[in-house]
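So the sequence lines, in the order shown, correspond to chains A and B.
Numbering follows this note's numbering, in which position 2 of the first sequence is assigned residue number -1; successive positions increment by one, without gaps.
Going from the second sequence to this note's numbering is simple: count from 1 and add 150.
Here a beta-carbon is modelled for each residue, glycine too, at the ideal position from N, C-alpha and C.
Notes follow the structure.
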Amino acid sequence: QQQVKQSPQSLIVQKGGISIINCAYENTAFDYFPWYQQFPGKGPALLIAIRPDVSEKKEGRFTISFNKSAKQFSLHIMDSQPGDSATYFCAAESYNTDKLIFGTGTRLQVFP
Amino acid sequence: EPEVTQTPSHQVTQMGQEVILRCVPISNHLYFYWYRQILGQKVEFLVSFYNNEISEKSEIFDDQFSVERPDGSNFTLKIRSTKLEDSAMYFCASSVTNQGAEAFFGQGTRLTVV
Chain A
-2 QQQVKQSPQS LIVQKGGISI INCAYENTAF DYFPWYQQFP GKGPALLIAI RPDVSEKKEG
58 RFTISFNKSA KQFSLHIMDS QPGDSATYFC AAESYNTDKL IFGTGTRLQV FP
Chain B
151 EPEVTQTPSH QVTQMGQEVI LRCVPISNHL YFYWYRQILG QKVEFLVSFY NNEISEKSEI
211 FDDQFSVERP DGSNFTLKIR STKLEDSAMY FCASSVTNQG AEAFFGQGTR LTVV
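Right, dumping it as structure tokens:
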């Protein structure tokens, strides 16, 4: 299965709160899991990515948690800021291809 | 900071017409991609291109679509006979490596077929 399922579709968080976006996949050939941030009128921009040999990766306020046995991964945004308001896409890539399979996206709104 | 540049930002075309979407990838990048995003939906892979050849294409990328790198700098996507369902945002991306996740995306061309 080439799909990546993403939830929730939209998320409203107060400034300073934690935003959590979840993704799940079926294809065990996937070996790279990036997250993208997209602002209106712009292309997706790589935010953070993880390989399945680690369970967590942190970059600043952004953390990916990865559960290989459950085939799930999630993005946590700590201390969410209004400037984080954007659409977030998870994606997956397998070792034998260079195409990305994107999730359906989560629209995050952070209110002051 | 180097960036992928796409032109035009918005193109309106009549159904059945040919369109060419243009992209200038980052100069030292070797791998090139087109993705599309129908309004409100997920980003979908169309095609990857390396060494003047298509590396991979999706089932969306049928005979109506073609890509080329005519002059070593531009990377174009041609849709021969546009349909209403081709209306979408088209993103070009480029990468130094064949890791698609490391690609930089352009700002997109919004194609509206009427």
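Name the two residues that bound the continuous beta strand (DSSP E) containing A:Asn64. Boundaries of the beta strand (DSSP E) harbouring A:Asn64: 59 to 64, taken from the DSSP string.
DSSP on A:Asp28, reduced to helix/strand/coil? Under the three-state reduction of DSSP, A:Asp28 is assigned to strand.
Are the segment 189 to 206 of chain B and the segment 232 to 248 of chain B touching, with three or more C-beta to C-beta distances below 8 Å? Yes: the two stretches touch, three or more of their Cβ pairs being nearer than 8 Å.
Taking the C-alpha atoms as reference points, what is the distance between A:Ser71 and A:Ile18? Those two C-alpha atoms are separated by around 5 Å.
Using the Cα positions of A:Arg48 and B:Gln164, report the straight-line distance between them to the nearest angstrom. One C-alpha to the other measures close to 44 Å.
Per-residue burial, A:Asp95 [other beta carbons within 10 Å of its own, 16 or more giving buried]: Result: buried.
How many Å lie between B:Lys233 and B:Val162 at the Cα? Distance between the alpha carbons of B:Lys233 and B:Val162 is about 12 Å.
Residues that B:Asn248 contacts on chain A, provided the C-beta gap is smaller than 8 Å: The answer, in chain order, is Asp95.
Just the chain B side, please: which residues come within less than 7 Å of A:Lys39 by C-beta, in chain order? Here the neighbours are Gln257.
How should B:Thr259 be labelled, buried or exposed, when 16 other C-beta atoms within 10 angstroms of its C-beta is the threshold for buried? Around the Cβ of B:Thr259, a 10 Å sphere holds 16 or more other Cβ atoms; the residue is buried.
Look up A:Leu97 in the DSSP assignment and say whether it is helix, strand or coil. Here A:Leu97 sits in coil by DSSP.
Classify A:Ala83 as buried or exposed, calling it buried when 16 or more other Cβ atoms lie within 10 Å of its own Cβ. Buried: at least 16 other Cβ atoms inside 10 Å.
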